[in-house]
Structure formats: C-alpha cells, structure tokens
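Asker:
There are 2 protein chains.
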Amino acid sequence: MKVSMRDVANHAGVSVATVSHVINKTRFVSPETTARVHESIKQLGYSPDAIGRIFKTGKKKLVGFIVPDIANPVWALIIEVVEDVLAEYGFKLIIINTKEDSSRELENIHLLSSGIVDGVIVASTLVDFREIQAVIPSDFPIVLIDRTLENANCDSVMLQDFSAIYDGVCRMIEQGNKKIGFITGLMRLSTSRERLSAYQKAMADYGLTVEPSYIQYGNSMAKSAVPLVRNLLDQGCSAIVVSNNVMTGDILQYLTNRGLKNGYDVMILGQGIEGQSDYNLHQMDLMIQPSIELGQLAGKQILERLEHPTHPIKNIVLTSTLSRRIL
Amino acid sequence: MKVSMRDVANHAGVSVATVSHVINKTRFVSPETTARVHESIKQLGYSPDAIGRIFKTGKKKLVGFIVPDIANPVWALIIEVVEDVLAEYGFKLIIINTKEDSSRELENIHLLSSGIVDGVIVASTLVDFREIQAVIPSDFPIVLIDRTLENANCDSVMLQDFSAIYDGVCRMIEQGNKKIGFITGLMRLSTSRERLSAYQKAMADYGLTVEPSYIQYGNSMAKSAVPLVRNLLDQGCSAIVVSNNVMTGDILQYLTNRGLKNGYDVMILGQGIEGQSDYNLHQMDLMIQPSIELGQLAGKQILERLEHPTHPIKNIVLTSTLSRRIL
DNA sequence: TCATGGTAGTTAATCGTTTTCTTTATTTTA
DNA sequence: TAAAATAAAGAAAACGATTAACTACCATGA
Chain H
1 MKVSMRDVAN HAGVSVATVS HVINKTRFVS PETTARVHES IKQLGYSPDA
51 IGRIFKTGKK KLVGFIVPDI ANPVWALIIE VVEDVLAEYG FKLIIINTKE
101 DSSRELENIH LLSSGIVDGV IVASTLVDFR EIQAVIPSDF PIVLIDRTLE
151 NANCDSVMLQ DFSAIYDGVC RMIEQGNKKI GFITGLMRLS TSRERLSAYQ
201 KAMADYGLTV EPSYIQYGNS MAKSAVPLVR NLLDQGCSAI VVSNNVMTGD
251 ILQYLTNRGL KNGYDVMILG QGIEGQSDYN LHQMDLMIQP SIELGQLAGK
301 QILERLEHPT HPIKNIVLTS TLSRRIL
Chain V
328 MKVSMRDVAN HAGVSVATVS HVINKTRFVS PETTARVHES IKQLGYSPDA
378 IGRIFKTGKK KLVGFIVPDI ANPVWALIIE VVEDVLAEYG FKLIIINTKE
428 DSSRELENIH LLSSGIVDGV IVASTLVDFR EIQAVIPSDF PIVLIDRTLE
478 NANCDSVMLQ DFSAIYDGVC RMIEQGNKKI GFITGLMRLS TSRERLSAYQ
528 KAMADYGLTV EPSYIQYGNS MAKSAVPLVR NLLDQGCSAI VVSNNVMTGD
578 ILQYLTNRGL KNGYDVMILG QGIEGQSDYN LHQMDLMIQP SIELGQLAGK
628 QILERLEHPT HPIKNIVLTS TLSRRIL
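From first to last, the protein sequence lines stand for chains H and V.
Numbered as in the working numbering, the first sequence ends at 327 without a single skipped number.
Numbered as in the working numbering, the second sequence ends at 654 without a single skipped number.
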C-alpha cells in the first residue's frame, strides 16, 4: 500500500542510503543513478514519510501556538504575525484553540510537547506555570505570550496595560464622571486583574468610591456583555471601562441599537485592535495594545530559544497606549 | 538527556515490553511491578514520545484543517465547530492558515499529509484538485469544504449560494433598483464565481444590462473594499451586492462613516455570519450560510472517511438562505 | 510423576529514515 | 605495475515505541 524508501531502492536497484542521499542531496550521487532514483520515485509515487524523518532526526521545524480564542480578532492578528516571523526561518505554525478551557490547554500542551513540535508559544488560560511544567519535558522550549502565570520560569512577552487604563480612567474622572463602572475579563487571567487594579487605583487616587456593584464580572467567551452594561447603566453609571476587545465591540453595538451615543449619553473606554478602524466611527478613547510587536517578539523569542536552549531566560514587557479622541 | 522507555525499563528492572504494557494497560501486570514502573517513571520524569508512538502505530488521532483566512470570523466559527465534532471522538485539530496563498496551501497539505495527521479538511484557494493530488499520497483522506475544485474526486461539503443571491438581487430589482453593482471575491474561487453568476442571471432575467464596470473585482484579503464601493456609487448604482462577509462589514462601516443609510440612500446585499448579530443594526437583507452545519458535516465526514477508507465518495451540498429584512 | 493450563514476564521484529562506517571499482602516482 | 588516492555506492545501526511469539514458573489434577 504505502510506498517507502525501501521500495524505491529496490525498484531503482540501489540501496536505501543512496535514495536518501539523492532526496536530501547530502552527498554526491552520479547523474545516472540520481536519474534512475528520481524515475522510480515518480513511478511509485513515493513521498518521504515526515514522521519517519522526524523520528530519526528529531528536527521538525514546527512550532505550536496555543491560543485561547481563535474567534477573537486580536488573536487572529497575532497568529498571522507569528506565522510570518516563523516562515522567514522555514518554520511552520500549528495552531491550537483552547477556548479558555484549562484542561484543553494542558492536554494540548502535553500532546505537542511530547514530540510533535520543537516548541510552543502559549497564551495561557491557567494560573500557575507549574501546571504546565507538570505535563512537559523539563527542557521543552516554551514562550508565554500576553498573560503571565505564577511561578513562571520561562521566556515571556507580556503587555503592560496598567498605565493606559489608569490614564483613561483619570481622563473620565476629569471630565466629570463620578460613577464609573468596570466590566472585567476572566478574573483568573493576569491581564484582567491588572486592568481592574488600574481602574481601582485611578478611582482611589481621585477619592472616588467604587461600589462593589460597579465592578461587573464578564468574560470574552460569554454570549454577550450586554446584561452587564445594562446593569451599570441602571445604576446610573455615566462612564464604563470595558476590559477587552470582544466585549467592547458587543457593547458599542448595544449602545447604538439602544440609541445611546458614546461620548454623550455615556462614555466608554474600551479596547481596540491595532490597525483596525472599526471603532473610528465611535470616536472614542481606546486602549490599544501593540499586538503586532507582541507577536513578532514572541515568534523571535521561540526561535532564539530553539537556537540557544541555554541562554538566560528573557522576559519582555510592552506597553499599551491610550489612543485619544479629540473632543 | 532525554529519557526513553528503555531507561525506565532498566531503572525498574523490567523489560521495555512490560513498561509499555503498564503505560497502555494493554495486558495484566502484577501490582508490584506496576508500582515499580510507575515509580521509575516518576523518578526519571519520563513521558512517552508521541513521535515514536505514532511512528510505530501509525495512529495519530489528529486532523488538519487548512483554512484560507483565520482572521475571517466565519472561518473561526467553522474551526470551533469542527473542533467540537472531532473532540467527541478523541481527535484533535491542527489548524493551518494559508492566507489565500496557493503555495502555502500546497506546502502545508504536503507537510501534513506526509505523516503528521490522519487526514485533512481543506478550504482550498486552488483551482484544480490535481494540484493537491500531486502532493499527497494517493489514498490520503481529504475533505473539501466550502469551495469546490475542478477534477475533485474526494469527499466534499459545499454551499449553494446561487439561489440566495439570485433571490436577493431579484428583490433589489423589484424594489426599483436598475443600476446594481457587484463586488466579487477572489475570482479563482468557485464560491465567488457562483455568486457572480447568480447576480448576472437575475439581472438578465429582468432584462437589465450589466455594464462591465458594475462588476468590481475585490477580495476579502485586501485592505479595504471601500474604493470599489465608491466607484460603484460614483457610477450611480443604487444597490450593491457584496460577495463576502469581510467586505460586507467593511462597506457597511464606510457607509455609516459617510452618513449614508443602508436601505435608504443605497441598498446593500451582503453576507452575514450565522448566529452573529453585528448586522442587525443595519436592518438589511443578508445571505446567511449554514456555517455551523457546514463545519459539523465536514468534521463527521473526515471521521467517517478515516473509519471507512473504501466507502464511496460523498458530496454534500448545503443551501444558503436569504435572511430578509421586513421593510 | 507428569502432562495441562494459567500467569507474569522477556525477546526480538518492526515502523521509515538518516548517517557512519565499509566496500568495491576506478583512476592516479611513483 | 603495484600502491595510493579517489569516486560511487552499499551495509547496517540507530531513533522510541508496540506487539506477536516465546519462556519460565508454578499450581493443579489424574
């Protein structure tokens, strides 16, 4: 059924070694023999078995990317960036979508790390790095992206959202908003917690009280963030901070539908996506993450780690910016 | 460095066979031996090498999904659906993003088909199936999704958009539109051609002429479809058919920015995504593809093909619907 | 006592490549 | 012309797991 190198060798009347060398051009083989081998390859329809090769060489030129939510455009963007970086070096990217499900993440990290890929980039939905460590070989190359974990001792490329959110909230306050609501992301994620604390600090710095009900716990995987906004509006909030891009889009749409104009009836500080103009029409303040650079650095970092397994660990932090509407 | 089954066997003072049987529970091993083996596994930090196993057994429980554009939400949706179907049967999904690039597609199909996965689902950006056939083993399981290819002789799950577009255009005409523009997708794709011909047939059936300039050639990967709409509007088109969802979103946003109200100033027939409400606010006619069912059927089909390699080829066609605004 | 059967484990072949070490044939050199 | 050098290709051992075939041991019953 399946044709192997052995079959080709027999057919061409040479040894498997010669066939291998012809295929990989790894030593001189006379033109006649080469031709004969190629002819046999074509006739038999042979194509080398990647698994056999990987098994022998251990070299895969394959990187895994564990993504929490492929349907979120910001991840789609980062995937593309990472792909481009890897492609430059002849590496391919395998994408795994975890849907923010911890066990799915661990299962897949385990699978990939057990020989399928050379290394992985992980946007983790976990809390503690040791959960990952428990399922991978001790020296397996891994780069965390976007979200930190407790006890992480591996390369990472992170985002610092604190100051962007902080500045944004200050601006809201300075424009007279007192009741400011906050819609969180998944609270187990470092990013969500950082953003919340920026909001809390800004409020505290201006001496404003944060009623517990001002904080609405959401997550980007939920069907809708609308009930959360509605709740905040009902409480009389005049401004709302939204912790991630998916919910931002959801909420803006809700406001439009309800006939509320952002910036007049209510003020929203949300999260935008680099290079995307969808939100232009709302003329609003947005926190913009340097996603492109994030992806580029993560791609470069995993390659560097593969190249130099023993180099010291590198932790990179990028800073998000507040893009301001002129009003 | 890397610890293999052999090391575990030595450490535990048993044979590799016994270790294998302990790990896979593939036959009875005495409790004491089992314990000793487990102890050694823990002490040495052993974890079985997936490649070694795959190499030997040939069983991977891995399916590849070649997607043209991961940033397009409709593909993200389909990916999730396919994942769910496969997960039910213990299969995992590896996603490859081709960005509508033919050579990327072929490279990756070749890679995956050469032993990495059991089979692939492909939303191809190619024209002729023989291009694929040239890079895969003759009996490699493959399911085409969404887009047909010439000379395709493999399973497929396709969409029939013709009638939805046709009906939509007829409706536009019946409402008095005479100059109707059409913005195409990538013309090498079967889907784009089908949609264009539906438009042309509707126009012809009503005796309306289609100026060549009414047809603007776009593609979902382009930065923007705005110049194309602008061109059509400048020509005095009162209605425009948009061939895919990405451009539809792009164009609606442009119209909003420009202060044009869809349905009053100009009439757009675009493509929507199942279960997504983004377009509700525009209250417009939309062609809606049964993407969820599409994904489910593709997932089931590849599994069935893996189970029964010799069953006859199956070609499924689903029909898109025209979702109508009440006006 | 010895065939019988069951139990717990070992041996060794195997999957498809790569690659090191040899071998054989041919040419060059002294 | 024999020895040395070179050229071309072959033989065989890995890589890490699975698994069919086999062995050693012990208990049982006639």
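Positions of the beta carbon are idealized from the N, C-alpha and C atoms, including for glycine.
Remember, it's a predicted structure, so these values are computed and weren't measured experimentally.
How would you list, in chain order, the residues of chain H whose beta-carbon sits under 7 Å from the beta-carbon of V/Ala398?
Answerer: As a first step, residue 398 of chain V is located in the second sequence; it is residue number 71 there, counting from the start. Within 7 Å Cβ-Cβ: Pro73, Ala76, Leu77 and Glu80.
Asker: According to DSSP, is H/Asn219 helix, strand or coil?
Answerer: In the first sequence, residue 219 of chain H corresponds to position 219, counting from 1. The answer is coil: DSSP assigns H/Asn219 none of H, G, I, E or B.
Asker: H/Leu329 touches chain V at which residues, Cβ-Cβ below 9 Å?
Answerer: Look at the range of chain H in this structure, 1 to 327, and you will see that residue 329 of chain H is not part of it.
Asker: Pop quiz: H/Gly270 and H/Leu255 are said to be a contact at Cβ under 8 Å. What is the actual Cβ separation, rounded to whole angstroms?
Answerer: Mapped onto the first sequence, residue 270 of chain H falls at position 270. Mapped onto the first sequence, residue 255 of chain H falls at position 255. The Cβ separation is near 11 Å, so there is no contact.
Asker: Which bits of chain H does V/Ser465 rub up against, with CB to CB less than 8 Å?
Answerer: Here the question's residue 465 of chain V lines up with position 138 in the second sequence. What V/Ser465 touches in chain H: Gly45.
Asker: Can you tell me whether V/Ser650 is helix, strand or coil according to DSSP?
Answerer: Walking along the second sequence from the start, residue 650 of chain V turns up at place 323. Residue state, collapsed to three classes: strand.
Asker: What residues from chain H crowd round V/Phe382, counting only those whose CB sits closer than 7 Å?
Answerer: Here residue 382 of chain V refers to the residue found at position 55 of the second sequence. Going along chain H in sequence order, the residues near V/Phe382 (Cβ under 7 Å) are Ile51, Gly52 and Phe55.
Asker: List the residues that DSSP assigns as beta-bridge partners of H/Val241.
Answerer: As a position in the first sequence, residue 241 of chain H is number 241, starting the count at 1. Answer by DSSP bridge pairing, in chain order: H/Phe182 and H/Leu269.
Asker: Three-state secondary structure (DSSP) at H/Leu232?
Answerer: One-based indexing of the first sequence puts residue 232 of chain H at position 232. Looking at H/Leu232 - three-state DSSP - the assignment turns out to be helix.
Asker: Where do the ends of the alpha helix (DSSP H) carrying H/Ser374 lie?
Answerer: The structure shown has nothing for residue 374 of chain H, since chain H only spans 1 to 327.
Asker: Please report the straight-line C-alpha distance between H/Leu260 and V/Ser570, rounded to a whole angstrom.
Answerer: Numbered from its first residue, the first sequence carries residue 260 of chain H at position 260. Numbered from its first residue, the second sequence carries residue 570 of chain V at position 243. Each residue's alpha carbon lies about 32 Å from the other.
Asker: Kindly indicate if chain V contains any beta-carbon less than 8 Å away from that of H/Leu327.
Answerer: Within the first sequence, residue 327 of chain H is the residue found at index 327, counting from 1. Low confidence applies here, because H/Leu327 scores a pLDDT of 48, under 50, leaving its location unreliable; read the following figure in that light. Answer no: the Cβ-Cβ gap between H/Leu327 and chain V never drops below 8 Å.
Asker: Assign H/Ala298 to one of two classes, buried (16 or more other C-beta atoms within 10 Å of its C-beta) or exposed (fewer than that).
Answerer: Taking the first sequence and counting its residues from 1, the one referred to as residue 298 of chain H is at position 298. Looking at its Cβ environment, which holds 16 or more other Cβ atoms inside 10 Å, H/Ala298 is buried.
Asker: Have a look at V/Ser490 and H/Arg230 and give me their C-alpha separation to the nearest angstrom.
Answerer: Position 163 of the second sequence holds residue 490 of chain V. Position 230 of the first sequence holds residue 230 of chain H. V/Ser490 and H/Arg230: Cα-Cα distance of roughly 40 Å.
Asker: Please work out which residues of its chain come closer than 6 Å, Cβ to Cβ, to H/Leu189, disregarding the five sequence neighbours upstream and downstream, and give them in chain order.
Answerer: The residue you call residue 189 of chain H lines up with position 189 of the first sequence. If we look at H/Leu189 and ignore the five residues flanking it on each side, its Cβ neighbours are Arg147.
Asker: I'd like to know if H/Lys25 contacts chain V, where contact means its C-beta is closer than 8 Å to some C-beta of that chain.
Answerer: As a position in the first sequence, residue 25 of chain H is number 25, starting the count at 1. Not an interface residue.
Asker: V/Ile507 to V/Thr452, Cα distance in whole Å?
Answerer: Counting from one through the second sequence, the residue named residue 507 of chain V turns up at place 180. Counting from one through the second sequence, the residue named residue 452 of chain V turns up at place 125. Whole-angstrom Cα-Cα distance: 28 Å.
Asker: V/Glu410 touches chain H at which residues, Cβ-Cβ below 7 Å?
Answerer: Stepping through the second sequence from its first residue, residue 410 of chain V is reached at position 83. Ordered by position in chain H, the residues that pass the 7 Å Cβ test against V/Glu410 are Asn97.
Asker: Given a cut-off of 8 Å, decide if H/Ile66 and H/Ala123 are closer than it, judged by their beta-carbon atoms.
Answerer: Here residue 123 of chain H refers to the residue found at position 123 of the first sequence. Here residue 66 of chain H refers to the residue found at position 66 of the first sequence. Contact flag set, yes.
Asker: Starting from H/Met158, follow its DSSP beta bridges and name the residues at the other end.
Answerer: In the first sequence, counting from the first residue as 1, residue 158 of chain H sits at position 158. Answer by DSSP bridge pairing, in chain order: H/Asp146 and H/Val317.
Asker: In the structure shown, what three-state DSSP assignment does V/Leu582 receive?
Answerer: If you number the second sequence from 1, residue 582 of chain V lands on position 255. Three-state result, V/Leu582: helix.
Asker: Relative to the ligand HEM, is the shortest distance from any of its heavy atoms to the C-beta of H/Leu294 smaller than 7 Å?
Answerer: Among the components of this structure there are no ligands whatsoever, and the ligand HEM is therefore not found.
Asker: Put V/Met614 into one of helix, strand or coil per three-state DSSP.
Answerer: Residue numbering aside, residue 614 of chain V sits at position 287 when the second sequence is read from its first letter. Three-state DSSP puts V/Met614 in a strand.
Asker: V/Ile615 touches chain H at which residues, Cβ-Cβ below 9 Å?
Answerer: Looking up residue 615 of chain V in the second sequence gives position 288. Under the 9 Å cutoff, chain H gives no residues; its nearest Cβ is about 17 Å from V/Ile615.
Asker: For a quick check, are the C-beta atoms of H/Val85 and H/Gln296 less than 8 Å apart?
Answerer: The count along the first sequence starts at 1 and reaches residue 85 of chain H at position 85. The count along the first sequence starts at 1 and reaches residue 296 of chain H at position 296. Against a cut-off of 8 Å, the Cβ pair of H/Gln296 and H/Val85 comes out as a contact.
Asker: Taking only the alpha-carbon atoms, compute the straight-line gap between V/Met514 and V/Pro636 and give it to the nearest angstrom.
Answerer: In the second sequence, the residue the question calls residue 514 of chain V occupies position 187. In the second sequence, the residue the question calls residue 636 of chain V occupies position 309. Taking the straight line from one Cα to the other gives about 33 Å.
Asker: Assuming H/Ile165 and H/Val241 form a contact by the criterion Cβ under 8 Å, report the distance between their Cβ atoms to the nearest whole angstrom.
Answerer: Along the first sequence, one-based indexing puts residue 165 of chain H at 165. Along the first sequence, one-based indexing puts residue 241 of chain H at 241. That pair is a contact at about 7 Å.
Asker: Could you check whether the Cβ of H/Ile251 sits closer than 8 Å to any Cβ belonging to chain V?
Answerer: Residue 251 of chain H sits at position 251 when you count from the first residue of the first sequence. Not an interface residue.
Asker: Which residue comes first and which comes last in the alpha helix (DSSP H) that contains H/Val85?
Answerer: Counting from 1 along the first sequence, the entry for residue 85 of chain H is found at position 85. Residues Pro73 to Glu88.
Asker: Taking the Cβ atom as the reference point for each residue, do V/Leu438 and V/Glu458 lie within a distance shorter than 8 Å?
Answerer: Counting from one through the second sequence, the residue named residue 438 of chain V turns up at place 111. Counting from one through the second sequence, the residue named residue 458 of chain V turns up at place 131. No. Outside cutoff.
Asker: Which bits of chain V does H/Lys2 rub up against, with CB to CB less than 8 Å?
Answerer: In the first sequence, residue 2 of chain H corresponds to position 2, counting from 1. Per Cβ cutoff of 8 Å: Pro464.
Asker: Cα-Cα, which of H/Glu88, H/Ser113, H/Arg104 and H/Ser102 is closest to V/Arg431?
Answerer: As a first step, residue 431 of chain V is located in the second sequence; it is residue number 104 there, counting from the start. The residue with the shortest Cα to Cα distance from V/Arg431 is H/Glu88.
Asker: Buried or exposed for H/Gly168, going by 16 or more other Cβ atoms inside 10 Å?
Answerer: Here residue 168 of chain H corresponds to residue number 168 of the first sequence, with the count starting at 1. Result: buried.
Asker: Going along the chain, which residues of the region 103-131 of chain H sit with their C-beta nearer than 9 Å to a C-beta in chain V?
Answerer: For the region 103-131 of chain H, which is checked against every Cβ of chain V, the residues closer than 9 Å are Arg104, Glu107, Asn108, His110, Leu111, Leu112, Ser113, Ser114, Gly115 and Ile116.
Asker: Look at the Cβ atom of H/Ala225, then the Cβ atom of V/Ala403, and state whether they are nearer than 8 Å.
Answerer: As a first step, residue 225 of chain H must be located in the first sequence, where it is residue number 225. As a first step, residue 403 of chain V must be located in the second sequence, where it is residue number 76. It is not a contact, given that the beta carbons lie outside the stated cut-off.
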